[in-house]
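Participant: Going left to right, the sequence shown walks through residues 53 to 301 as the numbering used here numbers them.
Note that CB positions come from ideal geometry on N, CA and C, so glycine has one too.
One structure follows; several queries about it will come next.
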Amino acid sequence: MPADDWALELRDVSKAFGGLRAVDGVALAVRPGERRALIGPNGAGKTTLFNLISGELPVTTGTIALFGQDVTRAAAHRRAALGLARTFQITNLFPSLTVLENCLLAVQGLSPVKLAMHRPLTRYPRQEARARAALDEVALGDRAGATVKQLSHGEQRQLEIALALAGSPRLLLLDEPTAGLSPGESKTMAELVKRLDPAITVLLIEHDMDIALEIVRHVTVLHYGRVIADGTRDEVRASPLVREIYLGA
Ligand SMILES: Nc1ncnc2c1ncn2[C@@H]1O[C@H](COP(=O)(O)OP(=O)(O)OP(=O)(O)O)[C@@H](O)[C@H]1O
Ligand SMILES: [Mg+2]
């Protein structure tokens, strides 16, 4: 496939923190519309890899391309402008604001500091419509008026996805969307991710291989910063290395 047909293409990407190679020579190519899970044990380098893709951290070596454009040295906001959005492993919401207000801030790309100057947010009907559409996509439409504090943990994680969707991304990075959720909430989350617009490319970090394989067909396994397996459910499960170090078999 020609290089500019990939939604995301990493070549030989590494990140060193002092003497530690948290990400070590990773190659990854994701097709538009693909749903891929990134799995691996604690400290494997999954979140660091997301930070490199989104531009929160600079790479030590290698190149990153988004939709055919080299963004290796591009700032995070430029990558966002090309259609990249992400969620974080740790909740990143404003607890005293309502669900709709959180979402409007994301639509407007505002920081909470600027919020005071922009109140009332609902004076912007077009942006409010976009925010409400994003809430509907994650089944939170009827919770728009609740404050974040009033939401369950599962609903808060759904809201984080709505915030990422608010900018109409083409590539969505989800860092452990089921972290801390009950089995029932995890199932709701899995369904929600599966129902997202099929045009959106999704790269998803998941701890639990079974949950990952409920959502996606294609898995990349990281271990000590390296890709040790990459393929379909059956291919990854058949890898002796994966069985040994990831599944503890
Ligand atoms: N900013 C940093 N400075 C120094 N070391 C870091 C930094 N961020 C991550 N690390 C280290 O890099 C390694 C990979 O961490 P990372 O958070 O990417 O792993 P992870 O796969 O997301 O793990 P988890 O499943 O626990 O979320 C770890 O050894 C971690 O301690
Ligand atoms: Mg992590």
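Counting by C-beta, which residues lie closer than 5 angstroms to a heavy atom of ligand 1, in chain order?
Facilitator: Phe69, Ala74, Asn94, Gly95, Ala96, Gly97, Lys98, Thr99 and Thr100
Participant: So leucine 62 packs on serine 106, CB below 8 angstroms; how close in whole Å?
Facilitator: With a Cβ gap of about 12 angstroms, leucine 62 and serine 106 do not count as contacting.
Participant: Which residues bound the alpha helix (DSSP H) around serine 291?
Facilitator: Unbroken run through serine 291: none, as it is neither H nor E.
Participant: Any contact of the stretch 254-267 with the stretch 77-91, i.e. 3+ C-beta pairs under 8 angstroms?
Facilitator: yes
Participant: Name the residue from Ala186, Ala133, Leu265 and Gln141 whose alpha carbon lies nearest to the alpha carbon of lysine 239.
Facilitator: Leu265
Participant: In three-state DSSP terms, what is isoleucine 142?
Facilitator: coil
Participant: Using C-beta distances below 8 angstroms, list every residue in its chain close to alanine 251, excluding the 5 sequence neighbours before and after it, in chain order.
Facilitator: Pro84, Gly85 and Arg222
Participant: What is the DSSP secondary structure of aspartate 64, reduced to helix, strand or coil?
Facilitator: strand
Participant: Would leucine 90 and alanine 158 qualify as a contact pair, given that the criterion is a beta-carbon distance under 9 angstroms?
Facilitator: no
Participant: Suppose contacts are defined by Cβ-Cβ distances below 9 angstroms. Is valine 271 in contact with arginine 285 by that definition?
Facilitator: yes
Participant: Report the option in Arg209, Leu145, Gly219 and Gly206 whose CA atom is closest to the CA atom of arginine 178.
Facilitator: Of the listed residues, the one whose Cα sits closest to arginine 178 is Gly219.
Participant: Taking its Cβ as the centre, do 16 or more other Cβ atoms sit within 10 Å of alanine 156, making it buried, or is it exposed?
Facilitator: For the sequence presented, residue 156 should be read as leucine rather than alanine. Under this definition leucine 156 is a buried residue.
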